[in-house]
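Structure representation (structure tokens):
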């Protein structure tokens, strides 16, 4: 199945140079004199890189068979990360290179979005907010409750996040996975 | 005052300032027909066709003007001198974020002006409209030297094909001007977004449209505000023969693209053959875009 430039819209998944890509921005350029073009910004769904291309209007690209499914993260054996689609109980696994920064935020039983291309998983997105446990941090200075400054804390996934001084080991904290920022105690 | 009403007043102020600007320079405001017997021959612009009923005879076809260019040139050939017009124009197959089937155009012609004098006057008009940003001017070739390493005027169709391929772009174009345009849209236009006001002049001769040609370049310019095309101007062709030959070139391209082949406006050519256009330069400016971009 092909999509022509007139059907281009944000989020549409297309094949470009052999990789599945998603349209991030589609601009129609019609010079006063001269033919019409679509100037399109894509995100490569495998490498995560963005690229820009210009198509003459009427050109078409092959659709990418890409699906985003909510799955449950089961476990990791150190080499592969295993996920399950809760309706079909079908299991999928990804290697470390495809996990990206999701490694920092996923704990077993958490739900996340897995992107499948031709039914093979290519990437994982954690929820925007996750709750994790502090496993290591310096004891806070007594009396400092204003939250001025901060200190690094290692969470149970291994990720290090800047937290206020009053946060201690064993506390559960909320983290924004898009910015890697502490947003509050859970 | 509500935001809505404020916008109406602001638009009125814009057109009033434009009119005052030209009145004070003795440029005459004209009105020309928008219902024409012949559609445009422009390769990439299509006229909207209408069926019009006459009182006594059967209906016939008319076309909404896509720009008042030829009708205003008729006036120039008859000795009108400097003229301007603000009117609605109509184009088929144009819709998009910043394109529409109907928009408002300011078109004006200045006798004895070359292209550079006309650009200077547009700069003065922008100041009157409150757009005081520094204005940059660069030739089409210089823009390619500054923003890429392409010698656009001296690259032939095979060289441009290779460049397009190296950029991962489609290189299947019939004409060199289309390759130049896709490279301009892909490489240059995005850079112009950082420039408040930019004139690009001396277009390659293959993109002359109805401008005079001088060696490798045409005396044609465009003005961009923050990367958006606002104006397109020429140092105008003068003789009937030159117009006929350009119209014919456009029709050949339309035929190759399997587009409709309009009849040439023979009446226009006939009038020009009895008295040709004076030496002049003219420009078309998109008013809605100008309104939006001058109020930013």
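Protein chains in written order, with my numbering: chain A, 437 to 622; chain B, 1356 to 1651.
Quick reminder that beta carbons are idealized off the backbone N, C-alpha and C, glycines included.
Here the structure is a predicted model, which is why all the values come from computation and not from measurement.
(1) I think residue 551 (chain A) touches residue 559 (chain A), with their Cβ atoms under 8 angstroms apart; what is that distance to the nearest whole Å?
(2) Does the beta-carbon of residue 1401 (chain B) have 16 or more other beta-carbons within 10 angstroms, so that it is buried, or is it exposed?
(3) With 8 angstroms as the limit, tell me which residues of the segment 1555-1575 of chain B have their beta carbon closer than that to any beta carbon of chain A; keep them in chain order.
(4) For residue 1438 (chain B), collect the residues of the same chain with a Cβ closer than 8 angstroms to its Cβ; drop the 5 residues on either side in sequence, then sort them by chain order.
(5) Please work out which residues of its chain come closer than 6 angstroms, Cβ to Cβ, to residue 475 (chain A), disregarding the five sequence neighbours upstream and downstream, and give them in chain order.
(6) Please report the distance separating the alpha-carbon of residue 1627 (chain B) from that of residue 1489 (chain B).
(7) If you count every other CB in all the chains shown that lies within 10 Å of the CB of residue 622 (chain A), and 16 or more means buried, which is it?
(8) Which residue spans inside the segment 1540-1628 of chain B form an unbroken alpha helix (DSSP H) run of at least 4?
(9) Going by C-alpha distance, which of A:497, A:494, A:453 is nearest residue 487 (chain A)?
(10) Grab the span of the alpha helix (DSSP H) containing residue 1533 (chain B) for me, first residue to last.
(11) By the 10 Å Cβ neighbour count, where 16 or more other Cβ atoms means buried, how is residue 1424 (chain B) classified, buried or exposed?
(12) Taking only beta-carbon positions, decide if residue 617 (chain A) is within less than 8 angstroms of chain B.
(13) Counting only Cβ-Cβ distances shorter than 7 angstroms, please list the residues of the segment 1398-1417 of chain B near chain A, keeping chain order.
(14) Would you please verify whether the beta carbon of residue 593 (chain A) is less than 8 angstroms from any beta carbon of chain B?
(15) Quick one: complete beta strand (DSSP E) runs, 3+ long, within the segment 1458-1504 of chain B?
(16) Output yes or no for whether 8 angstroms exceeds the beta carbon distance between residue 1566 (chain B) and residue 1604 (chain B).
(17) Please state the DSSP three-state secondary structure of residue 1528 (chain B).
(18) Okay, do the segment 1575-1582 of chain B and the segment 1551-1560 of chain B touch, 3+ Cβ pairs below 8 angstroms being the bar?
(19) Quick one: list the residues of chain B neighbouring residue 466 (chain A), beta-carbon separation under 7 angstroms, in chain order.
(20) Can you list the residues of chain A that residue 1584 (chain B) reaches, using a CB-CB cut of under 7 angstroms?
(21) Can you pull the chain A neighbours of residue 1541 (chain B), defined as C-beta to C-beta under 9 angstroms?
(22) What whole-angstrom Cβ distance do residue 1460 (chain B) and residue 1494 (chain B) have, given they're in contact under 8 angstroms?
(23) Taking beta-carbon pairs under 7 angstroms, can you tell me which members of the segment 1518-1535 of chain B lie near chain A?
(24) On the three-state DSSP scale, how would you describe residue 530 (chain A)?
(25) Mind pulling the chain A residues with CB within less than 8 angstroms of residue 1603 (chain B)?
(26) Given 8 angstroms as the limit, is there contact between the segment 1475-1482 of chain B and the segment 1536-1551 of chain B, that is, 3 or more CB pairs closer than that?
(27) Quick check on the burial criterion: 16 or more other C-beta atoms within 10 angstroms. Buried or exposed for residue 1440 (chain B)?
(28) Strictly under 8 angstroms for the Cβ-Cβ distance: is residue 1537 (chain B) near chain A by that measure?
(29) Around the C-beta of residue 562 (chain A), are 16 or more other C-beta atoms found within 10 angstroms, so that it is buried, or is it exposed?
(30) Nearest by alpha-carbon distance to residue 1396 (chain B): which of B:1625, B:1599, B:1471 is it?
(31) So is residue 1587 (chain B) in contact with chain A if we call contact Cβ pairs under 8 angstroms?
(32) Would you kindly work out how many angstroms separate the C-alpha atoms of residue 536 (chain A) and residue 470 (chain A), rounded to a whole number?
(33) For chain B, is any of its Cβ atoms less than 8 angstroms away from the one on residue 463 (chain A)?
(34) Is the CB of residue 480 (chain A) under 8 angstroms away from at least one CB in chain B?
(35) Quick check on the DSSP output: the alpha helix (DSSP H) that includes residue 1646 (chain B) runs from which residue to which?
(36) What does residue 495 (chain A) touch in chain B if you count any residue whose Cβ is under 8 angstroms from its own?
Let me lay it out:
(1) As a first step, residue 551 (chain A) must be located in the first chain, where it is residue number 115. As a first step, residue 559 (chain A) must be located in the first chain, where it is residue number 123. For a cut-off of 8 angstroms, the C-beta gap from residue 551 (chain A) to residue 559 (chain A) is around 5 angstroms, short enough to register as a contact.
(2) Working through the second chain from its first residue, we reach residue 1401 (chain B) at position 46. Buried, because 16 or more other Cβ atoms sit within 10 Å of the Cβ of residue 1401 (chain B).
(3) Under the 8 angstroms Cβ criterion, the segment 1555-1575 of chain B contributes 1562, 1564.
(4) Taking the first residue of the second chain as position 1, residue 1438 (chain B) is located at position 83. Closer than 8 angstroms at the Cβ level, and outside the excluded window around residue 1438 (chain B), lie 1382, 1383, 1384, 1385, 1427, 1430, 1431, 1463, 1464.
(5) Reading the first chain from its first residue, position 39 is the one you call residue 475 (chain A). Around residue 475 (chain A), the same chain offers 463, 465, 490 as residues with beta carbons nearer than 6 angstroms, after the five sequence neighbours per side are excluded.
(6) By one-based count along the second chain, residue 1627 (chain B) stands at place 272. By one-based count along the second chain, residue 1489 (chain B) stands at place 134. Their Cα atoms are separated by approximately 39 angstroms.
(7) Along the first chain, one-based indexing puts residue 622 (chain A) at 186. Burial call: exposed.
(8) Entirely contained in the segment 1540-1628 of chain B, the alpha helix (DSSP H) runs reaching 4 residues are, in chain order, 1544-1547, 1595-1611.
(9) Along the first chain, one-based indexing puts residue 487 (chain A) at 51. Put simply, of A:497, A:494, A:453 the residue whose alpha carbon is nearest the alpha carbon of residue 487 (chain A) is A:453.
(10) Looking up residue 1533 (chain B) in the second chain gives position 178. From DSSP, the alpha helix (DSSP H) with residue 1533 (chain B) extends over 1531-1538.
(11) What you label residue 1424 (chain B) is simply residue 69 of the second chain in a count that begins at 1. So residue 1424 (chain B) counts as buried.
(12) The residue you call residue 617 (chain A) lines up with position 181 of the first chain. Residue 617 (chain A) does not count as touching chain B.
(13) Those would be 1399, in chain order.
(14) Here residue 593 (chain A) refers to the residue found at position 157 of the first chain. Not one chain B Cβ lies under 8 angstroms of residue 593 (chain A).
(15) Fully enclosed beta strand (DSSP E) runs of 3 or longer: 1490-1494.
(16) Within the second chain, residue 1566 (chain B) is the residue found at index 211, counting from 1. Within the second chain, residue 1604 (chain B) is the residue found at index 249, counting from 1. In this structure, residue 1604 (chain B) does not lie closer than 8 angstroms to residue 1566 (chain B) by Cβ.
(17) For the purposes of this step, residue 1528 (chain B) is identified with residue 173 of the second chain, where counting begins at 1. Coil.
(18) As far as the Cβ criterion goes, the segment 1575-1582 of chain B touches the segment 1551-1560 of chain B, which means the pair count is three or higher.
(19) Translated into the one-based positions of the first chain, residue 466 (chain A) becomes position 30. Under the 7 angstroms cutoff, chain B gives 1449, 1451, 1454.
(20) By 1-based counting over the second chain, the position of residue 1584 (chain B) is 229. Chain A residues near residue 1584 (chain B): 467, 468.
(21) Mapped onto the second chain, residue 1541 (chain B) falls at position 186. Listed by position along chain A, the residues whose Cβ is nearer than 9 angstroms to that of residue 1541 (chain B) are 473, 475, 488, 489, 490.
(22) Residue mapping note: residue 1460 (chain B) aligns to position 105 of the second chain, counting from 1. Residue mapping note: residue 1494 (chain B) aligns to position 139 of the second chain, counting from 1. The Cβ separation is near 25 angstroms, so there is no contact.
(23) Of all residues in the segment 1518-1535 of chain B, those with a C-beta nearer than 7 angstroms to a C-beta of chain A are 1523, 1524, 1525, 1533, reading in chain order.
(24) Against the first chain, residue 530 (chain A) aligns to sequence position 94. DSSP places residue 530 (chain A) in strand when its eight states are reduced to three.
(25) Counting from one through the second chain, the residue named residue 1603 (chain B) turns up at place 248. Taking a Cβ-Cβ threshold of 8 angstroms, none of the residues of chain A is close to residue 1603 (chain B); the smallest such distance is about 17 angstroms.
(26) No: the two stretches stay apart, fewer than three of their Cβ pairs being nearer than 8 angstroms.
(27) Counted from its first residue, the second chain places residue 1440 (chain B) at position 85. By the neighbour-count rule (16 or more Cβ atoms within 10 Å), residue 1440 (chain B) is buried.
(28) Numbered from its first residue, the second chain carries residue 1537 (chain B) at position 182. Closer than 8 angstroms to some Cβ of chain A, the Cβ of residue 1537 (chain B) qualifies, so yes.
(29) Taking the first residue of the first chain as position 1, residue 562 (chain A) is located at position 126. By the Cβ-count criterion, residue 562 (chain A) is buried, with 16 or more other Cβ atoms from all chains shown falling within 10 Å of its own Cβ.
(30) Along the second chain, read from residue 1 onward, the residue named residue 1396 (chain B) stands at position 41. When each option's Cα is compared against that of residue 1396 (chain B), the closest is B:1599.
(31) By one-based count along the second chain, residue 1587 (chain B) stands at place 232. So, interface residue.
(32) Numbered from its first residue, the first chain carries residue 536 (chain A) at position 100. Numbered from its first residue, the first chain carries residue 470 (chain A) at position 34. Approximately 43 angstroms, taken between the alpha carbons.
(33) Along the first chain, one-based indexing puts residue 463 (chain A) at 27. The C-beta of residue 463 (chain A) comes closer than 8 angstroms to at least one C-beta of chain B.
(34) On the first chain, residue 480 (chain A) is found 44 positions in, with the first residue counted as 1. Using a Cβ-Cβ cut-off of 8 angstroms, residue 480 (chain A) does not count as an interface residue toward chain B, since no Cβ of chain B sits closer than that to its own.
(35) By 1-based counting over the second chain, the position of residue 1646 (chain B) is 291. Judged by DSSP secondary structure, residue 1646 (chain B) falls within the alpha helix (DSSP H) whose first and last residues are 1642-1649.
(36) Here residue 495 (chain A) refers to the residue found at position 59 of the first chain. Under a criterion of Cβ atoms nearer than 8 angstroms, the residues of chain B adjacent to residue 495 (chain A) are, in order, 1525.
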